[in-house]
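Read through the structure below, which is laid out as structure tokens, and then see the notes.
Residue numbers (the numbering used here): 8 to 252.
Shown next, in the form of structure tokens:
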């Protein structure tokens with residue numbers, strides 16, 4: 008039996024995922040599975056996975072390398088596919104990155120490749136849902152704070168947040184994605200998307216619950232992570248969200 012570890016888990020962020028990809032490339036390992044730690048933690052197979060700690064510098068270096076080997080369009084596809092609900096997203100994205108490094112920009116238009124067709128379809132589906140969620144979102148205002156709850160299949164908050172924050176009729180914003188346990192926050196003129204997976208009891212289904220339980224959390228010192236946002240340069244990998252602990 009082989010002792011090669013070929014199952015990996017990461018922290019759930021795009022930079023965490025790209026750190027795993029870089030590790031596998033450097034170690035010349037073809038992963039059998041790559042999953043977020045939060046997903047693996049719900050199974051009895053946790054010990055079969057190797058956790059790779061997220062390293063933004065490593066992830067950004069790989070992201071830029073893919074751009075040099077292929078194109079800005081392929082770089083964008085990396086971020087876009089990461090937001091989709093496509094089954095086995097991580098493995099499809101791993102293979103796409105390897106193809107981009109090997110073959111270059113042509114992969115983006117290779118419609119004969121089943122993988123690339125599936126990826127293009129999933130990305131279009133994600134953008135269609137993002138537009139639908141934005142159009143149908145019901146916003147309630149309490150104490151000049153705008154609250155909303157969404158439940159999309161895809162992780163659309165990073166796509167629609169700029170459109171949401173463009174409304175200047177309110178000061179602060181809290182939009183909660185209950186399916187993915189993420190929240191868009193504007194507080195004290197700082198905008199950030201947070202992954203609440205590691206926050207205990209961070210499951211809310213109504214505006215009242217958000218106002219009574221989640222908003223005070225971010226108003227407290229414990230929510231100070233919202234004030235520690237990394238500002239990327241134009242050519243850097245954009246962090247799609249941060250992890251609240």
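The C-beta atom is built at its ideal place from N, Cα and C for all residues, glycine as well. Remember, predicted model here, so these are calculated numbers, not experimental data.
- Just so you know, the alpha carbons of residue 151 and residue 215 end up roughly 14 Å apart.
- Residue environment analysis places residue 202 among the buried positions, since at least 16 neighbouring C-beta atoms fall within 10 angstroms of its C-beta.
- About 5 Å separates the CB atoms of residue 100 and residue 88; that is less than 8 Å, so the two are in contact.
- With a 10 Å radius around the Cβ and a threshold of 16 neighbouring Cβ atoms, residue 12 comes out exposed.
- Within 10 angstroms of the beta-carbon of residue 37 lie fewer than 16 other beta-carbons, which makes it exposed.
- In the pairwise beta carbon analysis, the stretch 114-127 is classified as not touching the stretch 150-170: fewer than three pairs are separated by under 8 Å.
- Taking C-alpha positions only, residue 218 is separated from residue 226 by approximately 11 Å.
- Boundaries of the alpha helix (DSSP H) around residue 138: 121-143.
- Counting along the chain, the unbroken beta strand (DSSP E) around residue 201 starts and ends at 197-202.
- Closest by C-alpha distance to residue 30, out of 66, 43, 181, 48, is 66.
- Boundaries of the alpha helix (DSSP H) around residue 223: 222-226.
- Counted as a single uninterrupted DSSP element, the beta strand (DSSP E) harbouring residue 191 occupies residues 189-194.
- Between the C-alpha atoms of residue 40 and residue 162 there is a straight-line separation of about 21 Å.
- In this structure residue 77 touches residue 107 by the C-beta definition: roughly 4 Å separates them, less than 8 Å.
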